[in-house]
Ligand code: PGA
Ligand code: ZN
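Residue numbers (this note's numbering): 4 to 430.
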């Protein structure tokens with residue numbers, strides 16, 4: 004049986020040029036010819052973080068990387084975590100993750116840092132897959148008893164960036180295109196990419212800036228959400244995909260909520276008025292998904308919108324749930340949403356992330372595997388989406404390698420699956 008021989012963490016840079024944690028995991032694997040097996044993983048980082056997320060440990064020394072250094076988290080991996088995990092078998096991810104959780108001992112993982120724990124948790128998954136000699140997605144499917152894996156996720160592509168991710172002035176953080184009318188992931192990706200290029204040409208023609216925001220989407224100065232959606236529909240039409248590409252929003256509403264009121268594109272609204280605003284948008288545009296429509300503790304706002312949109316539009320909780328099954332249970336009780344965004348670093352271990360995915364699936368909710376706005380070249384989430392059959396992925400726009408590397412990995416997974424690959428849009 005393979006056991007953990009050595010863990011080694013280092014500081015690397017994420018896509019915003021901020022430090023983050025990368026972990027190498029070496030297994031002692033008697034069954035492999037060369038003796039030693041290796042897995043590596045890097046931890047992402049959010050900007051519009053939910054207040055209930057697990058703690059990302061930063062050094063706080065303003066003289067170094069503006070306080071964003073991760074040397075403490077790195078030292079926690081190389082010190083106490085490496086010591087506690089040395090010699091542990093990797094056949095059961097839950098035992099590895101429970102050891103990490105117990106060692107930290109706090110509900111928010113603030114003692115060792117969720118970034119330290121997650122780097123190790125993911126690197127162990129990668130090392131196990133290497134030891135098994137299979138792709139990570141296959142190894143994850145086996146580890147978490149997923150039957151009939153082979154579903155490629157429908158991408159929610161963030162081609163117009165606003166909120167905390169860009170200076171576009173747009174209140175909604177993400178205006179996305181969703182290629183639904185296709186039978187293969189590769190065709191969906193092509194259609195989304197052609198639409199992205201059509202949008203580029205359109206923005207240029209209209210005299211907008213074509214610089215991109217944190218997730219590789221454009222950040223033109225538009226006056227409101229309606230103008231953003233008009234641009235997207237025009238681009239979809241120009242690319243020749245009318246009806247085959249739908250629209251989605253991540254409002255990230257906690258960021259524009261103050262004292263119980265919401266300010267959207269200069270207009271101040273109550274929670275109920277914001278709900279009416281969304282309903283109106285869904286009547287005017289082919290919107291199939293709204294994420295974080297309301298602030299992270301406005302349960303009534305979510306529940307009201309969810310009830311009024313029914314199954315026609317999925318309502319997604321991101322900051323609302325922070326990939327935490329306890330918060331999900333409140334959401335289930337209150338019928339607050341019918342979908343959840345899944346982010347590994349919101350909760351801090353792979354097992355707990357899978358718990359959230361599987362609770363969603365058992366409860367009839369949809370689950371969307373997601374990147375963070377600060378990313379690396381790590382493609383773990385592409386494998387998580389395919390291995391756990393989440394059916395949807397949110398990994399940014401069609402530019403910048405930190406985003407595109409996940410799409411490219413999904414192309415490889417689809418190729419590996421061959422005739423067994425499935426691409427099914429649930430909308
Ligand atoms: P974040 O944004 O990674 O900055 O939190 C992504 C999202 O809100 O979905
Ligand atoms: Zn979000």
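Even for Gly, the Cβ is constructed at its ideal location relative to N, Cα and C.
CA-CA distance, residue 92 to residue 114, rounds to 24 Å.
In this structure, the C-beta of residue 317 stays at least 7 Å away from each heavy atom of the ligand PGA.
In the structure shown, the three-state DSSP call for residue 58 is coil.
Taking all protein chains in view, the Cβ of residue 310 is surrounded by fewer than 16 other Cβ atoms within 10 Å, so the residue is classified as exposed.
Of 352, 11 and 317, the smallest CA-CA separation from residue 85 is found for 11.
When rounded, the separation of the alpha-carbon atoms in residue 266 and residue 235 is 23 Å. Each of 253, 255, 294, 295, 321 and 344 has a C-beta closer than 6 Å to some heavy atom of the ligand ZN; these make up the full list, in chain order. For residue 94, the number of other beta carbons within 10 angstroms of its own is below 16, and it is reported as exposed. At a Cβ-Cβ threshold of 8 Å, residue 399 and residue 195 do not count as neighbours. For residue 348, the closest C-alpha among the options 8, 32 and 52 is that of 52.
By the Cβ neighbour-count rule, residue 64 is exposed, with fewer than 16 other Cβ atoms within 10 Å of its own.
Counting along the chain, no beta strand (DSSP E) covers residue 357; the unbroken alpha helix (DSSP H) around it starts and ends at 353–365. Assigned with DSSP and collapsed to three states, residue 32 falls in coil, not helix or strand. As summarised for the region 287–363, the continuous beta strand (DSSP E) elements at least 3 residues long and confined to that stretch are 290–294, 317–320 and 342–345, given in chain order. The closest heavy atom of the ligand PGA lies less than 7 Å from the beta carbon of residue 52. Residue 83 and residue 328 have their C-alpha atoms some 27 Å from each other. Of the residues 424, 172 and 54, the one whose Cα lies closest to the Cα of residue 326 is 54.
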